[in-house]
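K.L.:
This structure is in structure tokens; I'll ask about it shortly.
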Amino acid sequence: MPDAILQVRSVSKSFGSVAANVEITFDVARGEILGLIGPNGAGKSSLFNSIAGADTPDKGDILLEGRRISGLGPVACTRLGIGRTFQVVRSFDSMTVLENVMVGAFARVTRARHAMARALEVIEFCGLAGRADVPAHALTPPEKRRLEVARALATQPRILLLDEMLTGLTPTEAQAGMQLVRDVRARGVTIVMVEHVMEVLLPLIDRAVVLHLGRKLREGSPQDMVRDPEVIRAYLGERYVA
Amino acid sequence: MRRPGTSNVIIRRRRRELVVGAILLVLFVLLPLPIGNTYLRGLIVLTLLYAGLSQGWNILGGYCGQISLGHALYFGIGAYTSAMLFTVLGVPPTLGMFAGGILAGLAALLVGWPCFRLSGHYYAIATLVVGMTALLLVQNWDFVNAAMGITIPFRADSWSDLEFRVAVLPFHYVMLAYAAVAWLIAWVVEGSRWGFYWRAVKDDATAARSLAVRVFPSKMAAAAISGFITGVGGALYSQYVGFIDPDSTLGLSLSVLIALPAVVGGVGTLWGPLLGAAVLIPVQQLSIAWLGSAGNGIDLMIYGMLIIALALARPQGLVSLLGVRSQAGGEVAESA
Amino acid sequence: MTAAIVLQVAIGGLLMGLIYALVAAGLSLIFGLMDVVNFAHGELLMLAMYATFTIHQALGLDPLVQLPLIALLLFGAGAAIYRGLIARSLAVRFNTGMVQVFVTFGLSIFLVGAAQLVFGSDFRAISDGVLSNRTVAIGQVVLPLAQVAAGLICLLAFAALVLISRTEFGRALEATREDREAVALIGIDRDKVFSVGWGIGGAAVGIAGVMLSNFYYISPTVGSNFALIAYVTVALGGFGSLPGALIAGVLVGLVEALTALVMDPSLKQVGIFAIYVLVLMFRPRGLFGRL
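Residue numbers (this note's numbering), protein chains in the order written: chain V, 72 to 313; chain Y, -11 to 324; chain E, 15 to 305.
Right under this line is the structure:
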């Protein structure tokens, strides 16, 4: 794919005797919103962690802008432009929203005043402006998810990995979340979203990569995925229509 | 970038802290003047020393979350370095204390290197053992006079030598300067990138790493600063008391006493060590003087009970009583 | 320095090591249970020794006879410490780990002061017990009977601990350590389990104290020295591991004794600490520990 910002090449990862990822290959185009989907146990999380640098693939490579990032670790990956959120929100509970986001901003600046300015901008962008001085543990669950995004955004990522960001939200909250994702993309950030419930994601993503039992099953437009018999079979037994 | 309605709460808070610090400084400058009693003046001197020492400990233990039970090592290094430089080479302690601080800081880095990958209790015990080892070694090290200790010779009243024959007052100002500088270092560091990183790592190291926080270097920085401050305190102590030996500068009880004010006052806070020192040191010293002089142990019993009571009753530290921002839970509602 | 002397020193060290192992086992059990390091553990030893001494003076009971009594007493002390202090420090909402460290530290300081108050700082000793002033000779190796007996009794006590860990209670202990929330659901009373666990830890150190009082001096600060060795032993063997405590204890005893042979005796602990540092660097969780 021309102008691919991220290239996943034959990535395989096993945990003990369990093969979580088997020779996964796909590209992520610059500026797109890509959905990484599949039923539970498909291997989305381990692939996610490999891209974010939290894990190292056993085989294969992951390239960011042509540069190999697999195995560099989370700190280096973030510096090179990978941002990520966590499925179970990991906020710094003893710190306020502003302080949380400043930690992210400090990845790019060293002076506290500069970090604060950048953090305030990101907080406003993510719709948390009035909550900047609230301790993170006092936020509502949707606000905590926004904080996750804001924090990662403050590191000025080129590509943002969102881990089940829309799961378990009410329809209104999900709509707001999807708008945020679109806004982030409009800022110039490529987005990869992991979800296991497809219908939430379909209106949002440009393309989808479907994983099943550790392998890449299909990739293509959301409309094609919905009609693909293989994909449907993979989800058989799961509630497909909400 | 200031916008109406968005926060410069942090900025305002920090300015407030500076103002309060300045007021306290002025108060303590004036405090000893109406007090003529030498014993009481000495009590305040000790309190200020421990306030500074504990502030130094707090940087590693409170902000960074690494509970060190062996900080006497750095105190001892500072004390012995300054004392040896003075007695053997005639280096004035005003310079020697920096040498002591730097050596102590380096020692902290050396200790931190293998120990920082230990979690919680393993780390605490490792620092305990390191401290005990140092005590044992120095007790048998003839170059520094082993267990017999070093007596600082008195030459003449002098500020550069930090020696004053009778007056306690000059030492009050020396220790006040020490406590004030230690506080200031903590204030600067708390609002700096390091300060944010330490708190983040303490809350969730994995999330911190995903935000490009390099955990190990941040801990090493904390160790170096903490060790330096503690070492300088040790050097000042050696000039104040005029005599040092392994037991008084490297013992476990000293390590605990360095940590306690911060723990009791509120770990990871700016005012905790000051408050804790102000409560603990007078109580400890007075109970020794009034009750424990016969070695009957009552002072220890009181001291022990006090520690237990304060730890259980106010685990978030005494600062929470003042409505000051305590470390857990962000900004406490601004009290009147 | 003949082979016989080295052998004698080594066996003496091994016997001391068995005592260290028992003291460490109590500590390790408690840590394994609930992630709590008991910084007053040495003072429990001191308590046992003073109790043995006092009863011996007052009632003429030989320390050996007092074993079950002191074990029971220390069991109660351990459980009481849990109920009175530790349970409260674990219930605290902030800084739980630190509170627990300093609460047990405060307790240790308190106990030393109390011992000073009641008994004074002078060294005491039991010199007229059944085991005192007798030696055992095997070939060229001559050892104090009291020390041999201590080693053997501690080994037996250790075996008892291992047996307990295999019983249903032992498994409840293990389960409670693994998942404290879940065990409540299946009807295991966490507080009871923890109390008994602390009690067993106390009893273990109590037995060691009784045997020590036959040949070791008794003073308010005697506990701190043993405590330090116990921490090192547990860290060496691995927190929460009984086999680790045994192997590490014996190792520590041996190293300490042999170091005293080649170095100034006042430096004998340097050997132990050196090993500890080495283990720290290459295997931080100890020989058998789980992180």
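For each residue, glycine too, the CB sits at the ideal point set by N, CA and C. All values derive from a computational prediction rather than experimental measurement.
Under 8 Å by Cβ, that's how I've got Y:Pro22 and Y:Arg29 pegged, so tell me the actual separation to the nearest angstrom.
P.N.:
With a Cβ gap of about 11 Å, Y:Pro22 and Y:Arg29 do not count as contacting.
K.L.:
Taking all protein chains shown into account, decide if E:Trp212 is buried (16 or more other Cβ within 10 angstroms of its Cβ) or exposed.
P.N.:
Counting C-beta atoms within 10 angstroms of its own C-beta, E:Trp212 has 16 or more neighbours from the protein chains shown and is therefore classed as buried.
K.L.:
Just the C-alpha distance for V:Leu288 and V:Ala279, rounded to the nearest angstrom, thanks.
P.N.:
Going by the C-alpha atoms only, they are around 11 Å apart.
K.L.:
Mind pulling the beta strand (DSSP E) runs of 3 or more residues that sit fully within the segment 24 to 88 of chain Y?
P.N.:
none
K.L.:
Excluding the 5 residues flanking V:Met249 on each side, which residues of the same chain have their C-beta closer than 6 Å to its C-beta?
P.N.:
Correct list, in chain order: Leu275.
K.L.:
Given this structure, state the Cα-to-Cα distance separating E:Arg102 from E:Val155, to the nearest angstrom.
P.N.:
51 Å
K.L.:
Can you list the residues of chain Y that E:Gly111 reaches, using a CB-CB cut of under 7 Å?
P.N.:
Per Cβ cutoff of 7 Å: Gly108.
K.L.:
Would you mind reading off the limits of the beta strand (DSSP E) that contains V:Thr96?
P.N.:
89 to 100
K.L.:
Since V:Leu105 and V:Val263 should fall inside the 8 Å C-beta cutoff, what is the C-beta to C-beta distance between them, to a whole number of angstroms?
P.N.:
5 Å
K.L.:
For the segment 188 to 203 of chain Y, enumerate the residues whose C-beta is nearer than 8 Å to any C-beta of chain V, in chain order.
P.N.:
Listed by position along the chain: Ala188, Lys190, Asp191, Asp192, Thr194, Ala195, Ala196, Arg197, Ser198, Leu199, Ala200, Val201, Arg202.
K.L.:
Does the ligand ATP have even one heavy atom less than 8 Å from the beta-carbon of E:Gly98?
P.N.:
By its list of ligands, the structure shown contains no ligand whatsoever, and the ligand ATP lies outside what it can speak to.
K.L.:
Return the residue from the list V:Met166, V:Arg182, V:Ala100 that minimises the CA-CA distance to V:Leu135.
P.N.:
V:Ala100
K.L.:
Could you give the C-beta distance for V:Ser83 and V:Pro128, rounded to a whole number, given that I count them as a contact under 8 Å?
P.N.:
6 Å
K.L.:
Which residue wins for smallest C-alpha separation from Y:Thr115, given the options Y:Gln54, Y:Tyr161, Y:Gly64?
P.N.:
Cα-wise, what sits closest to Y:Thr115 is Y:Gln54.
K.L.:
Would E:Phe67 count as contacting chain Y if we go by Cβ distances under 9 Å?
P.N.:
no
K.L.:
Just grab the DSSP bridge partners of V:Met264 for me.
P.N.:
V:Gly106, V:Leu233
K.L.:
In chain Y, what lies closer than 9 Å to V:Met166 by C-beta?
P.N.:
What V:Met166 touches in chain Y: Phe184, Arg187, Ala188, Asp191, Gly318.
K.L.:
Keeping to the same chain, check which residues put their C-beta closer than 6 Å to that of Y:Arg1; ignore five residues upstream and five downstream.
P.N.:
Closer than 6 Å at the Cβ level, and outside the excluded window around Y:Arg1, lies no residue.
K.L.:
Helix, strand or coil: which one does DSSP assign to Y:Glu319?
P.N.:
Annotation note: pLDDT 33 at Y:Glu319 (below 50); position unreliable, no value reported.
K.L.:
Could you pull out every residue in the same chain whose Cβ sits closer than 6 Å to the Cβ of E:Leu75, ignoring the five residues on either side in sequence?
P.N.:
Ile69
K.L.:
How many angstroms separate the CA atom of E:Ser42 from the CA atom of E:Ala222?
P.N.:
Their Cα atoms are separated by approximately 15 Å.
K.L.:
Report the residue from Y:Gln304, Y:Gly256, Y:Arg202 whose alpha carbon sits nearest the alpha carbon of V:Val174.
P.N.:
Y:Arg202
K.L.:
Report yes if the CB atom of Y:Gly239 is closer than 9 Å to the CB atom of Y:Gly253, and no otherwise.
P.N.:
no
K.L.:
For the segment 214 to 279 of chain E, list the alpha helix (DSSP H) runs that are entirely contained and at least 4 residues long, ordered along the chain.
P.N.:
Restricted to the segment 214 to 279 of chain E, the alpha helix (DSSP H) segments that are unbroken, complete and at least 4 residues in length are 236 to 251, 256 to 276, listed in chain order.
K.L.:
Classify V:Glu136 as helix, strand or coil using the three-state DSSP reduction.
P.N.:
Here V:Glu136 sits in coil by DSSP.
K.L.:
According to the neighbour-count rule (16 or more other Cβ atoms, all chains shown, within 10 Å of its Cβ), is V:Gly239 buried or exposed?
P.N.:
exposed
K.L.:
Extract the residue ranges of the beta strand (DSSP E) inside the segment 23 to 59 of chain E, only unbroken runs of 3 or more that lie entirely within it.
P.N.:
none
K.L.:
For Y:Ala324, collect the residues of the same chain with a Cβ closer than 6 Å to its Cβ; drop the 5 residues on either side in sequence, then sort them by chain order.
P.N.:
Note that Y:Ala324 has pLDDT 25, beneath the 50 cutoff, so the model's placement of it is unreliable and no number is given.
K.L.:
Out of E:Val219, E:Gly252, E:Phe119, which has the shortest C-alpha to C-alpha gap to E:Gly300?
P.N.:
E:Gly252
K.L.:
For a contact defined as C-beta to C-beta under 8 Å, what are the partners of E:Tyr245 on chain Y?
P.N.:
Ordered by position in chain Y, the residues that pass the 8 Å Cβ test against E:Tyr245 are Ile113, Leu116, Val117.
K.L.:
Is Y:Asn46 close to chain E, meaning its C-beta is less than 9 Å from at least one C-beta of that chain?
P.N.:
Among the residues facing chain E, Y:Asn46 is not included, as its CB has no counterpart in that chain under 9 Å away.
K.L.:
Considering only residues of the same chain and omitting the five flanking positions on each side of E:Ile167, which have a CB-CB separation below 6 Å?
P.N.:
Met225
K.L.:
Using a Cβ-Cβ cut-off of 7 Å (strictly less than) and excluding sequence neighbours within five positions of Y:Val162, which residues of its own chain qualify?
P.N.:
Leu150, Leu224
K.L.:
How is Y:Ser180 classed by DSSP in three states: helix, strand or coil?
P.N.:
coil
K.L.:
Chain V partners of Y:Val(-3), CB-CB under 7 Å?
P.N.:
Asp204
K.L.:
Of all the options E:Ile261, E:Ala249, E:Val115, which has the alpha carbon lying nearest to the alpha carbon of E:Leu292?
P.N.:
E:Ala249
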